[in-house]
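First comes the structure, then the notes that go with it.
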Amino acid sequence: MSNVSRPSVSRSEATPRGHLAIYAGSFDPITLGHLDVLRRARTLFDNIVLGIGRNPDKASLFSPDERLEMCQELVHEMLAADPDGCHVRVERYNGLTVDFARSVHAVAILRGIRNITDLAAETQLAITNRQVADIETVFIVTGEQFAFTSSSLIRQVAALGGPLERLRPIVPEMVIQRLRLMREDPNNPLGRLAQDQLVE
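379 is the number that our numbering gives the last residue of the sequence shown; the numbers go up by one with no jumps.
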C-alpha cells in the first residue's frame, strides 16, 4: 500500500455533475421555518438557489428589494455558522418557477412540508411540474415547532396589532424589527391598518 497522501477533495470537485436545487417562494417574510428547510437541504445538494418570486394572488408586505436584502443577510449568517453544508445563493425572479429552474439548470425544486394539508397540495403540484417541465420535487419536512408557521399568519398578526414579541419562536429577529418600524410609520399601509385596529 502506498504511503503517499492524497490531496483532499471538496464536495464540488468530487461530484462530476453538480446537483443544484432551487428553493422558491415569496418569502414575505422569510421565517425560521423557511430557514429550517434550507438548513436541512444543504446536506442533500451541491448548490441551492433561494429564489424570491412574486405571487400575484397575495398582497406584498415587504418590497422585493427588502426581501432580497433580508434573505441574503440571513443566508450569509447561515453559511458562516455552518460552512460544511453546500453553498446557497439568493436571486429574484419573475414568471413561472419551472422557467426559473430551467434558467439556473436546477435538477430539483425544494418544497417544505409542514403538515398533511401541505403534502396533499404539494404532491399535485409536484406531479404537474414533472409532467410539463420534467423536473423533480424534493420534499423537506420542517421541524415540528414550525408545523403551523406561515408567512400569511405573520402578516395578519403584524397588520392587526398583535404582539410582535410572540413571533420570536418562528420569525428571525431582523424581520421583527422591520415589522416594528413599519407599524410605527403612519405613512406605511401596515402602520395605518394596525392603528385602525387598535383604535377599534
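For glycine and all other residues, C-beta sits at the position ideal for the given N, C-alpha and C. Because the structure is a prediction, the values reported are computed rather than measured.
Q: Assign S242 to buried or exposed, taking buried as 16 or more other Cβ atoms, counted over all protein chains shown, within 10 Å of its Cβ.
A: exposed
Q: Measure the C-alpha to C-alpha separation of Q356 and Q310 and round it to an integer number of angstroms.
A: 42 Å
Q.
Tell me the rounded alpha-carbon separation between H198 and A259.
A. Their Cα atoms are separated by approximately 22 Å.
Q) Which class does F150 belong to by DSSP, given the choice of helix, strand or coil? A) In this structure the chain extends from 180 to 379, so residue 150 is not present and cannot be described.
(Q) Going by DSSP in three states, H266 sits in which element: helix, strand or coil? (A) Strand, per DSSP.
Q) Is C250 near N226, with beta carbons less than 7 Å apart? A) C250 places its beta carbon 7 Å or farther from that of N226.
(Q) Please return the same chain residues whose Cβ sits closer than 8 Å to the Cβ of N294, not counting the five positions on each side in sequence. (A) A326, F327
(Q) Measuring alpha carbon to alpha carbon, tell me which residue in Q335, R268, T210, G212 is nearest I201. (A) R268
Q: Can you say whether R246 is buried or exposed, counting buried as having 16 or more other CB atoms within 10 angstroms of its CB?
A: buried
Q) How is the beta strand (DSSP E) around E315 delimited, first residue to last? A) 315 to 320
Q) Start and end of the alpha helix (DSSP H) containing G308? A) According to the sequence displayed, residue 308 carries Asn and not Gly. 295 to 312 is the span of the alpha helix (DSSP H), which, as asked, contains N308.
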